[in-house]
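Q: Just dropping this structure here.
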Amino acid sequence: MNSKTLVIRNGTVIDPSLGLNGSYDVRVRGGLMEGVYAPGTLPAGDGTEQELEIDACGCIVTPGWIDLHAHLFPERAVLGVEADRVGIRQGVTTLADAGSTGTAYFGRFAEEVIAASRTEVLAWLNIAEQGLCEGRAELADLSRLKVEQTVELVRAEPSIIGIKARMSGSVVKENGIRPLEIAKAAARTANVPVMVHIGNAPPRLGEVLDLLTAGDVVTHAFHGKAGGLFDADGRIIPEGVAALARGVRLDIGHGSASFSFKTMRRALEARIGRYTVSTDIYRQNCEDGPVYSLAVTMSKLLALGIGLDDIIGAATSLPAQIAGRGEQLGTLRTGTIADITIARVKEAETEFVDAEGERLAGTQVIEPEWTIKGGELHRCG
Numbered sequence: 001m002n003s004k005t006l007v008i009r010n011g012t013v014i015d016p017s018l019g020l021n022g023s024y025d026v027r028v029r030g031g032l033m034e035g036v037y038a039p040g041t042l043p044a045g046d047g048t049e050q051e052l053e054i055d056a057c058g059c060i061v062t063p064g065w066i067d068l069h070a071h072l073f074p075e076r077a078v079l080g081v082e083a084d085r086v087g088i089r090q091g092v093t094t095l096a097d098a099g100s101t102g103t104a105y106f107g108r109f110a111e112e113v114i115a116a117s118r119t120e121v122l123a124w125l126n127i128a129e130q131g132l133c134e135g136r137a138e139l140a141d142l143s144r145l146k147v148e149q150t151v152e153l154v155r156a157e158p159s160i161i162g163i164k165a166r167m168s169g170s171v172v173k174e175n176g177i178r179p180l181e182i183a184k185a186a187a188r189t190a191n192v193p194v195m196v197h198i199g200n201a202p203p204r205l206g207e208v209l210d211l212l213t214a215g216d217v218v219t220h221a222f223h224g225k226a227g228g229l230f231d232a233d234g235r236i237i238p239e240g241v242a243a244l245a246r247g248v249r250l251d252i253g254h255g256s257a258s259f260s261f262k263t264m265r266r267a268l269e270a271r272i273g274r275y276t277v278s279t280d281i282y283r284q285n286c287e288d289g290p291v292y293s294l295a296v297t298m299s300k301l302l303a304l305g306i307g308l309d310d311i312i313g314a315a316t317s318l319p320a321q322i323a324g325r326g327e328q329l330g331t332l333r334t335g336t337i338a339d340i341t342i343a344r345v346k347e348a349e350t351e352f353v354d355a356e357g358e359r360l361a362g363t364q365v366i367e368p369e370w371t372i373k374g375g376e377l378h379r380c381g
């Protein structure tokens, strides 16, 4: 459904970028944010165009959710799901594909996914030219890692926000840390961050972290495998402390095997407060779990005792900044793109499961009801 002017009334606006959490009305005009108004202060329309009014009573109204880690190339890559299925239909206005393709297949990705989706699709370009389009060990053959072509494409394509390297032993095989060194060389030249998938060694996580600089992203940061961010005593490893001090970012990247309630509790005890919430979603784990959606992943954080404002920030303003889109996305600021999620936080006894099979009882679930993308209204579900 399209409307040039939308008015959202009676909702609780939560926008960490503006420091808002309270009852406000919102007006969208011409695909842009006109403003957020205290009750009773919304200016009257000029009468020249029809306004569509949305009653958001009992709902939260937030900037459009952003998922920094998804796999969205279902017709080509070994992992993938249709973007709008896990995007605007689930309250997510912007998705970032995390390395499904490198330079070899990006043209097809741009045509089949970016251009064909109503959800905004960004991309972390895989340093391996084939990405995940020819299997899951893309970093085993260093001849497929194309620095010059990668830099050229990153500079030419505004949808590319950074470079992806999956630094697990099953992916790099005998190459150790070398693929990340190559990815970092390309990223430095192109002036973009890297997103690094971490998992089973080799290479060791300390080696990976030592190469990262401010703005780089560690996804699967809270997995439950051996050799992770915390030592056996629950303390952050020294390389992790140093990386965080340098401005390296942490991302959840839930996935089928990469999010642990136990590890997340350790992160909370260590007062790690700035991270992004993302899904690593693809066809199998959105259908059969344990991921299902960004909303379910956010609900798991609620069950862990994390505040709603912090969760919303981790799905809006912080990922927008990492993606280099903080001036237009992740905010309800006047004049920005009108990307909005309207969701209900429902009281419901729920059992959540992490990637390790641990079960967690929760009393609330976040359920998206409406998505507004660039001023266009979509019903979720």
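By UniProt numbering, the letter at position 211 of the sequence shown is numbered 211, and the numbering carries on one by one without gaps.
The beta carbon of each residue, even a glycine, is placed where N, CA and C say it ideally should be.
In terms of DSSP beta bridges, what is Asn175 paired with?
A: Per DSSP, Asn175 has no beta bridge partner at all.
Q: Is the number of C-beta pairs between the region 72-92 and the region 39-59 that are closer than 8 angstroms three or more?
A: no
Q: Starting from Gln149, follow the alpha helix (DSSP H) in both directions and report where the run begins and ends.
A: Annotation for Gln149: the continuous alpha helix (DSSP H) segment containing it runs Val147 to Ala156.
Q: Check each candidate in Tyr37, Phe106 and Val151 and name the one with the smallest Cα separation from Cys133.
A: Phe106
Q: Let me check understanding here. Comparing Cα to Cα, which of Gly87, Val248, Ala70 and Glu157 lies closest to Glu111?
A: Selected option, being the one with the closest Cα: Glu157.
Q: Is the Cβ-Cβ distance between Ile66 and Thr316 less than 8 angstroms?
A: yes
Q: For a test of the three-state rule: what should DSSP assign to Pro368, helix, strand or coil?
A: The three-state secondary structure of Pro368, taken from DSSP, is strand.
Q: Exposed or buried, Glu138, counting other C-beta atoms within 10 Å across all chains shown (16 or more means buried)?
A: So Glu138 counts as buried.
Q: From what residue to what residue does the alpha helix (DSSP H) around Ser299 run?
A: Leu294 to Ala303
Q: CA-CA distance, Asn2 and Thr341?
A: For Asn2, the predicted structure reports a pLDDT of 48, less than 50, and the residue's modelled location is therefore unreliable. The matter cannot be settled from this model.
Q: Let's test the definition: count the other Cβ atoms within 10 Å of the Cβ of Asn191 and tell me whether it reaches 16, buried, or not, exposed.
A: exposed
Q: Spatial neighbours of Phe352 within its chain, please: CB distance less than 6 angstroms, with the 5 preceding and 5 following residues excluded, ordered by chain position.
A: Lys300, Ala303, Leu360 and Gly362
Q: Looking only at its chain, what residues have a beta carbon closer than 7 angstroms to the beta carbon of Ala38, apart from the 5 residues adjacent to it on each side?
A: Tyr24
Q: Relative to the C-alpha of Glu327, which candidate in Val218, Met33 and Ala183 has its C-alpha closest?
A: Met33
Q: For residue 405, I'd like the list of residues in its chain whose CB is within less than 6 angstroms of its CB, leaving aside the five on either flank, ordered along the chain.
A: Summary: the structure shown does not reach residue 405, with the chain confined to residues 1 through 381, and so no result is reported for it.
Q: So, do the region 344-351 and the region 82-91 have three or more beta carbon pairs nearer to each other than 8 angstroms?
A: no
Q: Can you tell me whether Lys262 is buried or exposed, with buried defined as 16 or more other CB within 10 angstroms of its CB?
A: exposed
Q: At the level of alpha carbons, what is the spacing between Arg85 and Ala267?
A: For Arg85 and Ala267, the distance between alpha carbons rounds to 31 angstroms.
Q: Could you give the residue range of the alpha helix (DSSP H) that holds Gly329?
A: At residue 329 the sequence reads Leu, which differs from the Gly that was named. Secondary structure note for Leu329: it is in no alpha helix (DSSP H), with a DSSP letter that is neither H nor E.
Q: Taking 8 angstroms as the cut-off, decide whether the C-beta atoms of residue 390 and Val217 are in contact.
A: In the structure as shown, the chain starts at 1 and stops at 381, and residue 390 therefore has no counterpart that could be examined.
Q: Could you give the residue range of the beta strand (DSSP E) that holds Gly35?
A: Leu32 to Tyr37
Q: Given a threshold of 16 other Cβ atoms within 10 Å of its Cβ, counted over all protein chains shown, does Arg27 qualify as buried or as exposed?
A: buried
Q: Roughly how many angstroms separate the alpha carbons of Val7 and Glu53, rounded to a whole number?
A: Computed Cα separation, rounded: 5 angstroms.
Q: What whole-angstrom Cβ distance do Gly131 and Gly102 have, given they're in contact under 8 angstroms?
A: 4 angstroms
Q: Are Met264 and Ile366 close, meaning C-beta to C-beta below 8 angstroms?
A: Going by C-beta atoms, Met264 is not nearer than 8 angstroms to Ile366.
Q: Taking the alpha-carbon positions, what's the Leu244 to Asp210 distance?
A: 11 angstroms
Q: In chain order, what residues of the same chain lie with their CB nearer than 6 angstroms to the CB of Ala187, ignoring the 5 residues before and after it?
A: Ile163 and Val194
Q: Under DSSP, the alpha helix (DSSP H) around Ile322 begins and ends at which residues?
A: Element bounds for Ile322: Ser317 to Ile322.
Q: Considering only DSSP beta bridges, list what Ser23 is partnered with.
A: Thr12
Q: Could you pull the DSSP bridge partners for Glu347 from this structure?
A: Gln364
Q: How is Phe230 classed by DSSP in three states: helix, strand or coil?
A: DSSP places Phe230 in strand when its eight states are reduced to three.
Q: What's the C-alpha gap between Thr12 and Leu20?
A: 9 angstroms
Q: Measuring alpha carbon to alpha carbon, tell me which of Asp141, Asn126, Leu95 and Gly99 ends up nearest Thr119.
A: Leu95
Q: What is the DSSP secondary structure of Phe352, reduced to helix, strand or coil?
A: strand
Q: Which same chain residues, not among the five before or five after Pro43, have their C-beta less than 7 angstroms away from its C-beta?
A: none
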